[in-house]
Structure formats: structure tokens, C-alpha cells
Amino acid sequence: MDKIARIDMGAAGGPKVTVGGLGDYAGLGGRAMTSLMVAAEVHPLAHPLGAENKLVISPGMLSGTTGSMTGRLSVGCKSPLTGTIKESNAGGQAAQVLARLGYAAVVLEGKPATDDIYKIYINKDGIQVIMDNSLKLMNNYPVIEKLRKEYGDKVAYMSIGSAGERKLLSASIACTDPELRPTRHCGRGGVGAVMGAKGIKAIILDDAGMKMRPPKDPEKYRDANRKFVEGLRKHPVTGEGLPAYGTNVLTNVLNEAGGYPTNNFKSGQFAKASDLSGETQAALEISRGGNATHGCHRGCVIQCSGIYNDKDGNYVTKQPEYETVWSHGGHCGISNLDTVAKLDYMDDNIGVDTIEMGVTIGVAMDAGLAEFGDDAGAIRLMEEVEKGTPLGRVLGSGAAITGKVFGVERVPVVKDQALPAYDPRAVQGIGVTYATTTQGADHTAGYAIATNILKVGGDVDPLKTEGQIELSRNLQIATAAIDSTGMCLFIAFAIMDQPETFQALLDMLGSFHGIEMTGDDVVALGKKVLSAERDFNTRAGFTKHHDRLPRFFYNEPIAPHNQTFMMKDEELDEVFNW
Amino acid sequence: MIITVKLFASFRSGRFDIKSCEYPPGTTVADVADSLKLPQGELGIMMINSRHVKLERVLVEGDTLALFPLLGGG
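Protein sequence lines correspond, in order, to chains A and B.
For the first sequence, this note's numbering puts the final residue at 590, and the numbers step up evenly by one.
For the second sequence, this note's numbering puts the final residue at 85, and the numbers step up evenly by one.
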């Protein structure tokens, strides 16, 4: 990873590729690369779909090595959904392949003069930008099917569906999994719309003839990786729970804790949650000849995903995640896993964020566009998005826009990004993260659920305010660092509980670069990333008054705990005070 | 006294999902786990009536006790 490619889509005479050294960005990867570059190079008041915005694609610092769990790819830009800086990361094969091709970043710049669409082919010999209008308005599954005929199965694909081409604010960027299904998405913040605005439909990554990235100290790296894998295998969350049930094991947990937002955040418990649970889902997948244990990229030892088949044993989609099962399920009063799976497939195919899309449908239900619990109604609304009708474009632009268009007061967003699957009134810690993260409401930015609800990595009372600010601060710092390494965030469950596994991670980072890494170095990296992101947001016009939840969380208590969000504004303002 | 016990994830194997159980007054969460042969080291999340509790918590008539192994996701 010793070069950065810049592709100017607005160059006179057509797209122009420039490959250069790392310069000021040496040593960076993942979120550190995308956020520092966007903060330094994108005008904070740029229109997110305009020539001044850039889409930065970067594998993590350890991606493309023999290290386990290193397959996260970061995409960064100014978000058309939130107006803030954005980093959205995904699994799949793309990060490993791009890293082995030697690119620390591929940057899409400028604005095309025409409405032609292009694909980018990257292999050992360089980069080609090829016009291909035959792909216009195709969705992700058919696009990959078509590209496979041309480029084969030994490559990784990134693509946008029709939503990205239409520049919908919930549009995602798909990365293919090991079996070349476009199921792993940089989902949040409308990054797919920015790729669409650059006129790029797909990126084909071909690492034939390239080798694994070599560590500076191969023996130490191998030893550290072995200890790291041992640690993941022995921790109950990463070694047992996630492989067996996937992330959706949380449905029963959050429902039991009264923090499962139901019918657009009107209750903290859903009477039919059990029908949607990870336990039910895993049993169903196995009974239909699917698979409840599947990795999104080669080298994953957690294998939290799976394959969801229909009753006849035909592939429908990958195992829907907890957030998806919630957003399309309980949030909309829907309890049928087959409906959720169909909607998950449609999200992946059209290329939209499952959280934003599901939350939007719930808001639309509050507006009367369908009844809560109306499976067919939810599918009908998604079909509007697929067709790109005026209604579909409103819905595909997210919960905030939809709430405004239809006059809904209860719109669960922060900085116009939809809240994920944990009610901040029943889990105060996650509310701190939703309110203050640089990204708009995002659970992964500082996953306070771990200590508040799961009792992993500590124990903080979810119904009280004490300790939540410090917790969210520390998690946000650690997450910004992990998101830069290329490591899947789920390693956090093991490294928070097992010091030797955290040490193994430090040793992997250190031995790869031939240096000593300490916990302080990781904290410093996390702070550097967050500071750059905060600075961008400040220059883009965001103030502390944007670091708040919607008022209904302060005014409407929610059952069963009958509590509101109780964190004081002055407390929230202390999160980044380090 | 009658309490409702809910088990989740791997705890269900060879046991049950939900059951009304009779226990003597003074029964703690640890006592219930022992009676179900759930090793205390494997207990991750324990809730009574949707609130987290510790092993030594004493149950009362009508409580709903939920027991999970250590779990994660997101």
C-alpha cells in the first residue's frame, strides 16, 4: 500500500487517472485515511454531489495481509444525507484485494460533464476507466452477474444499484462476498449517491499476480496473529454466540431489556420479537438448507453471517443482520422473517442502507402510507424506491426527508441519519453516542450496548446517566482506531475482555510496520481521526446544538421502563473534551 | 412461589425456552442457575423484569427471570 490513485472524472477529454505516492498520508488506512483526506481536501461547504466532494476508498492498515479479520474497507466523503464528514465501512473481499494491489486509497474526484456511466478496472498493470452505458440503472445482483461474464470469479466487485445512480440519500456501495454476492455494503450516509454523482457504476478489483502484503517482522506477525485468533475463538461472543446465531441474537436481548424500538419508537418491547429472533432465524436457515455460519470475507474466524433460503431451499439473501431484522421487522410491527429477508434482498439489490430504509418505512407507516404490521405494504413501498417513482425517491432519501414531506413529528434521526436498533431511553449510553458522533446517529461509532446491556467489557447501568459520557468517549476513540486498521469491529468484544488478545492486536500492528505499538498509540490514532472529523463538521456549520437527540426522546417516556433520555446537554458537550 | 424463567441462545439446548417454575422463598438467581445446571461462569446477561441483576439477587413471586450466555452483535 504505497500509492494513492486519483481519478478525475471531470477532466477535459474524459476521466484521468493519476497515481502518486502517499505524501502526508503515509501509514494511514481505513477511516484514518478517508477522514484525514476528506478533512484536508474537501471544502466543508461543498455540495456533496458536486465536483468539490471526493469519494475516498481505502483498505485498512492491515488489509491484504495474512492477518485474520482484516477485511474492512472504508469509504469516506462529505455525506449527502447528513452534511457531515462520513466514513462507512464494509466487509467483503474488496479491502483485501485493493490492499494487495498496493493502493492505500483510490480517490474519485471531480464531476463528469455528461451522464455517461463508467466502470473502473484495477489490476497489477494499472487502472482503466471504461465507459459502459449498458449498465445504466441496473441493480446490484444483475450488475455483478453481467460483470462476472466479463471479468470472471477471481476478482472482487464494488458497485452501486439504481439508488446510487439516482443519487438517493440512503444509497449504499456494495462489496461482493467470497461467493461474489453483492451483500456487504458501505451502507450509511448516502455514499452510493456520491459514487453515482461521480458517474462510477462499478469497480472491478483483480489482484492476479499480486502477493500478500509482507510484514516487516514476519515471525512476530505470524505469532501475534495466532494469539489473536486464539483469543477470538476462546471468547464466548466471538467464538460461540456470533458464529451460531449471528448479530440477530440481540433481538431477544434488547426486547427483554425493554430497549427494542417498536412501531417507530413507541414501545421498548415487541410482542412478536421471538418470531424475529436470532434463535428462530438460525434454526430456520439450517432447516431450509441454508447456513447459519458464514464469513463475509476470507480470513474471518468469527463468521457471524449466514445464508437465508426460502421454504423451497432457494437462496434469498445473506443472513439479515440484527439492525436489518429490527428496522424492517419490529420497527415496522412486522414479525415475518421471510418478509424481512425479501426486504433485505431488495435493499442489497437496489443499493440502499437497510437501517435508513427500514426506519424510513416505519416513519412512512406513522404517516399512514401503510399500517404497522403490513408486510405487503412495506414491500410495496420498497418497490416504489426500486422503480424510482417520486414517492420512491422521497422514501429512498431517508427518514428525515420522508418525515418532513409527510408531516411526521416522531422522526428518529440525528443529523438526519436514522437511529439504529437500540432505544436511547432504555440504553442511555448509546444515546450519548447517537447524539455526539461525528457521523449522525450510528451505533457502531461507540457501541455502548456492550457494557450497558451485554455486560461485555464492563458494567454500566443502562437506565442511569452515570458513567455514560466517559464510556461513549472511550468507545468512540477506540472505534475510530479500529476502523482504521481494517479489523472488523466485532474483535472489540474479545479485546475489551481479554488483555492478551488486545496485546496480540498491538503486536500485529507493530510487527507489520516494524515498530512497537502501545495502547497509548491506539488512543492517539483514534483521537487524531475524531479531531479531524469534528473539525470538518465545525467548518461545515455543525455546533454543539446538533449533538442532541430529537425532542421526543426527552419528552415521551417509553414502556416498559417509562423513562426518557436523561443526559443533560452540558454532559453531552463533554464527550470530546479530552 | 411461582416465577417465570426464560432461557436464550445455547442455554435452550436440552432445557426450554420459557417455563413457569416453583421455587422456595429466598431463592436467588444463582440458585435458579444451579437448579438448571447452568455453570455460573457461562452466565452473561441476567435480567429480572427487564432490569439487569446479579447472581445474589433474591427472586419474589411473579418475577420473570431471563438468562443469557455472554452474547454480542450489532
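Glycine included, every Cβ here is placed at the ideal spot set by N, Cα and C.
C-beta neighbour in chain D for residue i, strict 9 Å
{"i": "residue 261 of chain A", "result": "Among the protein chains of the structure shown, namely A and B, there is no chain D."}
Coarse secondary structure for residue i, derived from DSSP in three states
{"i": "residue 438 of chain A", "result": "coil"}
{"i": "residue 80 of chain B", "result": "strand"}
{"i": "residue 500 of chain A", "result": "coil"}
{"i": "residue 80 of chain A", "result": "coil"}
{"i": "residue 75 of chain A", "result": "coil"}
{"i": "residue 16 of chain A", "result": "strand"}
{"i": "residue 539 of chain A", "result": "helix"}
{"i": "residue 34 of chain B", "result": "coil"}
{"i": "residue 107 of chain A", "result": "helix"}
{"i": "residue 334 of chain A", "result": "helix"}
{"i": "residue 457 of chain A", "result": "coil"}
{"i": "residue 469 of chain A", "result": "coil"}
{"i": "residue 314 of chain A", "result": "coil"}
{"i": "residue 28 of chain A", "result": "strand"}
{"i": "residue 292 of chain A", "result": "helix"}
{"i": "residue 551 of chain A", "result": "helix"}
{"i": "residue 88 of chain A", "result": "strand"}
{"i": "residue 41 of chain A", "result": "coil"}
{"i": "residue 463 of chain A", "result": "helix"}
{"i": "residue 26 of chain B", "result": "coil"}
{"i": "residue 12 of chain A", "result": "Nothing can be reported for residue 12 of chain A: it is not among the residues displayed for chain A, which extend from 13 to 590."}
Cutoff 9 Å: residue i Cβ touching any chain A Cβ
{"i": "residue 23 of chain B", "result": "yes"}
{"i": "residue 44 of chain B", "result": "no"}
{"i": "residue 12 of chain B", "result": "no"}
{"i": "residue 27 of chain B", "result": "no"}
{"i": "residue 61 of chain B", "result": "yes"}
{"i": "residue 83 of chain B", "result": "yes"}
{"i": "residue 53 of chain B", "result": "yes"}
{"i": "residue 30 of chain B", "result": "no"}
{"i": "residue 80 of chain B", "result": "yes"}
{"i": "residue 41 of chain B", "result": "no"}
{"i": "residue 17 of chain B", "result": "yes"}
Classification of residue i by the beta-carbon crowding that lies within 10 angstroms, buried from 16 upward
{"i": "residue 291 of chain A", "result": "buried"}
{"i": "residue 49 of chain A", "result": "buried"}
{"i": "residue 514 of chain A", "result": "buried"}
{"i": "residue 551 of chain A", "result": "exposed"}
{"i": "residue 27 of chain B", "result": "exposed"}
{"i": "residue 36 of chain A", "result": "exposed"}
{"i": "residue 137 of chain A", "result": "exposed"}
{"i": "residue 247 of chain A", "result": "buried"}
{"i": "residue 238 of chain A", "result": "exposed"}
{"i": "residue 411 of chain A", "result": "buried"}
{"i": "residue 66 of chain A", "result": "buried"}
9 Å Cβ cutoff, residue i in contact with chain B
{"i": "residue 269 of chain A", "result": "yes"}
{"i": "residue 252 of chain A", "result": "yes"}
{"i": "residue 426 of chain A", "result": "no"}
{"i": "residue 462 of chain A", "result": "yes"}
{"i": "residue 246 of chain A", "result": "no"}
{"i": "residue 309 of chain A", "result": "no"}
{"i": "residue 101 of chain A", "result": "no"}
{"i": "residue 336 of chain A", "result": "no"}
{"i": "residue 491 of chain A", "result": "no"}
{"i": "residue 256 of chain A", "result": "yes"}
{"i": "residue 281 of chain A", "result": "yes"}
{"i": "residue 327 of chain A", "result": "no"}
{"i": "residue 459 of chain A", "result": "yes"}
Cβ-heavy atom distance, residue i to the ligand MN, below 8 Å
{"i": "residue 345 of chain A", "result": "As presented, the structure is devoid of all ligands, the ligand MN included, so that no description of it is given."}
For the region 337-345 of chain A against the region 369-384 of chain A, do three or more pairs of beta-carbon atoms, one drawn from each stretch, fall closer than 8 Å, so that the two count as touching? The region 337-345 of chain A vs the region 369-384 of chain A: in contact.
Ordered list of alpha helix (DSSP H) runs contained in the region 386-449 of chain A, each at least 4 residues: 387-399, 402-407, 411-418, 440-448
Tell me the start and end of each unbroken alpha helix (DSSP H) in the region 184-269 of chain A that is at least 4 residues and wholly inside, in chain order. 203-209, 230-246, 254-257, 262-268
Assess contact between the region 59-68 of chain B and the region 461-479 of chain A, defined as three or more Cβ pairs (one per stretch) separated by less than 8 Å. Is contact present? The region 59-68 of chain B vs the region 461-479 of chain A: in contact.
Uninterrupted alpha helix (DSSP H) stretches inside the region 133-172 of chain A (no shorter than 4 residues): 152-163
Kindly confirm or deny that the region 351-361 of chain A and the region 451-469 of chain A touch, where touching means at least three C-beta pairs closer than 8 Å. no
Determine, using beta-carbon pairs with one atom in the region 96-113 of chain A and one in the region 186-196 of chain A, whether at least three such pairs fall under 8 Å. yes
Is there contact between the region 292-311 of chain A and the region 79-96 of chain A, where contact requires at least three CB pairs shorter than 8 Å? A contact exists between the region 292-311 of chain A and the region 79-96 of chain A.
Could you give the uninterrupted runs of the alpha helix (DSSP H) lying entirely in the region 337-372 of chain A, keeping only those of 4 residues or more? 349-362
When you compare the region 288-304 of chain A with the region 71-80 of chain A, are there three or more beta-carbon pairs, one atom per stretch, that lie closer than 8 Å? no
Would you check if the region 41-55 of chain B and the region 204-223 of chain A touch, i.e. whether three or more CB-CB distances between them fall below 8 Å? Contact between the region 204-223 of chain A and the region 41-55 of chain B is absent, because fewer than three Cβ pairs lie under 8 Å.
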